[in-house]
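What follows is a short report on a single structure.
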Amino acid sequence: MSHPKTPHVVDARYLEPPEPFVQTMEMLDRLAVGEKMLLLLFREPHPLYKVLRQNGHAYESELLPDGTFEILITR
Amino acid sequence: MQALLSFENAPPFAAPLRFFITAPLLAALAGLTLAWEGGDLLLSRWHPGLLAVTHLLTVGFMLMVMLGALIQILPVVAGANLHQPLRLARGLHPLLLLGTLLLAAGLLLGKTGWLQLAVVLLLMAGAWFIKAALQALWRVPLTSPTIAGLKLALPALALTLLLGSGLALALAGGWSWPLARLTDLHAGWALGAWSAVLLAAVAYVVVPMFQLTPGYPARAGWLFPLSMCVVLLFWSLAEALGLTTVGWLVRQLAAGLGLAFAVQTLYLQGQRRRARPDAIYRFWQAGLLCAVFALLLMLTVNALPDAFSWPGWAVLIGVLLLPGAFVAFISGMLYKIVPFLAWMHLQNAGQGRLAAPSMGKLLPERDATLQSRAYLVAVLLLLLAVIFPEWLARPAGLAFAAAMLWLAWNLLSALRRYQAHQQRLEVLPEE
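Chains as they are written, first to last, in my numbering: chain A, 142 to 216; chain B, 34 to 464.
Now the structure itself:
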């Protein structure tokens, strides 16, 4: 799945926890430093945000009209 | 699930669990009070026994679980870290427990001193929690409707407690307050602006996550908590200024907003991708249907007061909203939260030496299903008891008490399995 913001997308909107977390961390591992990935979820993943901050990854989130949070993460 | 509840600084299992196990016991006490007092209690919403039962459910069950759960999940749904959560839990729990018992007994038996002491204890508990939660949420940016809902719900809880305290003191002191109208306003803040807004804020996260539904549309998500609180503010102003027509209109608006949220959640549940219904789904379906009936009835009774002059209508709405809707929402959540917390703590304690039993083993789905059936029978009996109080009030009270004791038993069984596994871990050699 691709997206205008980045080709690296995890669509976790219908996945049960902890799958969204696991798949995001796996994709981050595969990216080169400076590359971006997008996580799609119907909630803001605050525990993931904490891990991202601890590992020095920048992120920004945007809430779309259908209730999807697009979280753009930089490796 | 892990993402919802686990966090490095999550309080130990004992912190929220004391709230979760006490709450159904107090709800059972509500059922037993009805069984003891009998049918008279259901004849009018102003019966002292019914006021006692109502507060055993709202403060003893609902507020007890809500505060215990918020201590656990605020960091996770809002990124807001409470200061010393275990200390907060240890302090709040006895204040709430004793406050609830004194409030219920004071209302039932007309003991003014007990009512006054209950006010002091419940205000202390409320002030302590609200201060801690506001401190945690203060600097959290407004990035989601959930955070907006949580921030709005806290002042609504403060107003609920202040109005309730005023009413209890007015009752105890024989003050000449317009008790009926202020009680409606107290209930409006309690159920509309505190409970429903908090429920929505949490539902925005847990309904898509637990039931694999689509998300709540963003616009509705932002609008519901804000408009409910604005409506309650207008209701309060209308009461203060004696504007009866405006007061009537905003009460209808509050019911309409609640109805819109309930219908939207039912619609989302209809689009869920989880094939097999589980306990939380069944409890929420039942609760949402009860809420829809209650709010439609409320709109109709308010619109046509002369045609609906029977005092039982108000009692029926109360039964649909409290034991029907809110007890169901909370029971469903408890069946998700308690086995998960037990699993998470055992998994952390095991450190890979011994895998934790699955959530399904810690609290089997079959136990939750059987208890949910007993609960549904009890709610049905309670509804019929409003129509036939002399015959059915006592059996309905007993059935509800049994269903709530069963809920407590199921939660305690999860705790026993948790402790048994913990003992096995203790005798394992350290790695």
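The C-beta atom is built at its ideal place from N, Cα and C for all residues, glycine as well.
Nearest-angstrom beta carbon gap, residue j and residue i [assumed within contact, 8 angstroms]
i                       : j                      : result
leucine 96 of chain B   : leucine 142 of chain B : Not a contact, Cβ separation roughly 22 angstroms.
tyrosine 220 of chain A : leucine 245 of chain B : In the structure as shown, chain A begins at 142 and stops at 216. Residue 220 of chain A is therefore absent and cannot be evaluated.
leucine 292 of chain B  : leucine 329 of chain B : 7 angstroms
valine 279 of chain B   : valine 264 of chain B  : About 11 angstroms; that fails the 8 angstroms criterion.
alanine 324 of chain B  : leucine 354 of chain B : 7 angstroms
alanine 153 of chain A  : leucine 193 of chain A : Going by Cβ atoms, the distance from alanine 153 of chain A to leucine 193 of chain A rounds to 15 angstroms, so no, they are not a contact pair.
Residues near residue i in its chain [Cβ-Cβ closer than 7 angstroms; skip 5 each side]
i                            : result
proline 356 of chain B       : Leu90, Val412, Leu415 and Phe433
leucine 156 of chain B       : Leu194 and Ser198
leucine 196 of chain B       : Leu215, Leu218, His219 and Trp222
phenylalanine 257 of chain B : Ala233, Leu290 and Phe294
glycine 365 of chain B       : Ala312, Ile313, Phe316 and Trp317
Which of helix, strand or coil DSSP assigns to residue i
i                            : result
alanine 199 of chain A       : strand
aspartate 119 of chain A     : Look at the range of chain A in this structure, 142 to 216, and you will see that residue 119 of chain A is not part of it.
histidine 149 of chain A     : coil
alanine 414 of chain B       : Looking at the sequence provided, one finds leucine at residue 414 of chain B rather than alanine. If DSSP states are grouped into helix, strand and coil, leucine 414 of chain B belongs with the helices.
threonine 209 of chain A     : coil
histidine 187 of chain A     : helix
threonine 215 of chain A     : strand
leucine 179 of chain A       : strand
leucine 38 of chain B        : Low confidence applies here, because leucine 38 of chain B scores a pLDDT of 47, under 50, leaving its location unreliable and the question unanswered by this model.
leucine 204 of chain A       : strand
histidine 219 of chain B     : helix
histidine 88 of chain B      : helix
serine 143 of chain A        : coil
alanine 388 of chain B       : coil
tyrosine 314 of chain B      : helix
valine 173 of chain B        : coil
arginine 450 of chain B      : helix
serine 198 of chain B        : helix
glycine 143 of chain B       : coil
alanine 340 of chain B       : coil
alanine 160 of chain B       : helix
alanine 113 of chain B       : coil
threonine 298 of chain B     : helix
glycine 275 of chain B       : coil
threonine 179 of chain B     : helix
phenylalanine 421 of chain B : coil
leucine 396 of chain B       : coil
phenylalanine 267 of chain B : helix
Cβ neighbours of residue i in the same chain (closer than 8 angstroms, five flanking residues each side left out)
i                            : result
tryptophan 210 of chain B    : Gly199, Leu200 and Ala203
tryptophan 161 of chain B    : Leu121, Gly124, Leu125 and Leu128
arginine 216 of chain A      : Leu169, Leu172, Ala173, Val174, Gly175, Glu176, Lys177, Met178 and His198
proline 44 of chain B        : Ile104, Gln105, Pro118, Leu119 and Ala122
phenylalanine 40 of chain B  : Summary for phenylalanine 40 of chain B: the model assigns pLDDT 46, below 50, so the residue's position carries little reliability; its value from the coordinates is reported in the next sentence. Once the five neighbours on either side are set aside, the close Cβ partners of phenylalanine 40 of chain B are Pro108 and Val109.
histidine 116 of chain B     : Ala165, Gln168 and Ala169
phenylalanine 341 of chain B : Thr333 and Val334
Nearest residue (CA-CA) to residue i, options the options
i                         : options                                   : result
arginine 406 of chain B   : B/Ala312, B/Ala358, B/Leu50 and B/Leu103  : B/Ala312
alanine 319 of chain B    : B/Val360, B/Pro247, B/Leu290 and B/Pro127 : B/Val360
leucine 379 of chain B    : B/Tyr451, B/Trp227, B/Arg399 and B/Leu131 : B/Tyr451
tryptophan 442 of chain B : B/Val419, B/Asp400 and B/Leu417           : B/Asp400
leucine 321 of chain B    : B/Ala382, B/Ala358, B/Ala388 and B/Val173 : B/Ala358
threonine 66 of chain B   : B/Ser77, B/Ile54, B/Ala56 and B/Pro81     : B/Pro81
leucine 461 of chain B    : B/Gly430, B/Phe316, B/Leu409 and B/Ala388 : B/Ala388
leucine 417 of chain B    : B/Leu444, B/Arg457, B/Ile350 and B/Trp376 : B/Ile350
arginine 386 of chain B   : B/Met261, B/Thr402 and B/Leu458           : B/Leu458
leucine 25 of chain B     : B/Ala111, B/Phe362 and B/Leu58            : No statement about residue 25 of chain B is possible, as the shown extent of chain B runs from 34 to 464 and does not include it.
proline 49 of chain B     : B/Phe373, B/Tyr408, B/Glu398 and B/Gln384 : B/Phe373
leucine 167 of chain B    : B/Lys144, B/Thr179, B/Ala113 and B/Gly207 : B/Ala113
glycine 248 of chain B    : B/Arg305, B/Thr277 and B/Ala287           : B/Arg305
6 angstroms Cβ shell around residue i - same chain, five flanking residues per side excluded
i                        : result
leucine 84 of chain B    : Leu140
alanine 61 of chain B    : Ala434, Met437 and Leu438
glutamate 201 of chain A : Leu213
alanine 36 of chain B    : Per-residue confidence for alanine 36 of chain B stands at a pLDDT of 48, beneath the threshold of 50, marking its modelled position as unreliable; the derived number appears in the next sentence. Around alanine 36 of chain B: no qualifying Cβ.
leucine 136 of chain B   : His88 and Ala151
threonine 179 of chain B : Val110, Ala234, Tyr237 and Val238
leucine 396 of chain B   : Pro372 and Ala447
alanine 375 of chain B   : Leu395, Ala447 and Tyr451
leucine 148 of chain B   : Gly139, Ala201 and Ala205
Min CB distance residue i to chain C below 8 angstroms
i                      : result
alanine 375 of chain B : Absent here is chain C; the protein component of the structure consists of chains A and B.
Contact test: residue i Cβ vs the ligand SAH heavy atom, cutoff 7 angstroms
i                     : result
valine 460 of chain B : With respect to small molecules bound, the structure shown includes none, and the ligand SAH cannot be examined in it.
Worksheet entry | chain A contacts from the stretch 147-176 of chain B (Cβ-Cβ distance under 7 angstroms) | Listed in sequence order: Thr176.
Discussion item. Against chain A, which members of the stretch 249-265 of chain B pass a CB distance test of less than 7 angstroms?
Written reply: Hits within the stretch, in order: Tyr249, Pro250, Ala251, Arg252 and Gly254.
Item to complete: Return the residues of the stretch 357-371 of chain B that lie within a Cβ-Cβ distance of less than 8 angstroms from chain A, sorted by chain order.
Response: Under the 8 angstroms Cβ criterion, the stretch 357-371 of chain B contributes no residue.
Discussion item. What are the residues in the stretch 205-216 of chain A lying within 9 angstroms of chain B by C-beta distance?
Written reply: For the stretch 205-216 of chain A, the residues whose beta carbon sits under 9 angstroms from a beta carbon of chain B are, in order, Leu205, Pro206, Asp207, Gly208, Thr209 and Phe210.
Item to complete: Closer than 8 angstroms, Cβ to Cβ, to anything on chain B: give me those residues from the stretch 160-188 of chain A, in chain order.
Response: Interface annotation for the stretch 160-188 of chain A against chain B: Pro161, Phe162, Phe183, Arg184, Glu185, Pro186, His187 and Pro188, criterion Cβ-Cβ distance under 8 angstroms.
Fill in: Residues, ordered as in the chain, of the stretch 102-136 of chain B that lie near chain A by beta-carbon distance below 9 angstroms
Under the 9 angstroms Cβ criterion, the stretch 102-136 of chain B contributes Pro108, Val109, Val110, Ala111, Gly112 and Ala113.
Discussion item. Please list, in chain order, the residues of the stretch 447-462 of chain B that have any C-beta partner in chain A closer than 9 angstroms.
Written reply: For the stretch 447-462 of chain B, which is checked against every Cβ of chain A, not one residue is closer than 9 angstroms.
Worksheet item: Using Cβ-Cβ distances below 9 angstroms, what residues of the stretch 187-201 of chain A are close to chain B?
Response: Legend: CB atoms of the stretch 187-201 of chain A lying less than 9 angstroms from CB atoms of chain B belong to residues His187, Pro188, Leu189, Tyr190 and Lys191.
Item to complete: Mind checking the stretch 384-398 of chain B against chain A and listing, in chain order, the residues whose C-beta falls within less than 7 angstroms of any C-beta there?
Response: Contact residues of the stretch 384-398 of chain B toward chain A are absent (C-beta to C-beta distance below 7 angstroms).
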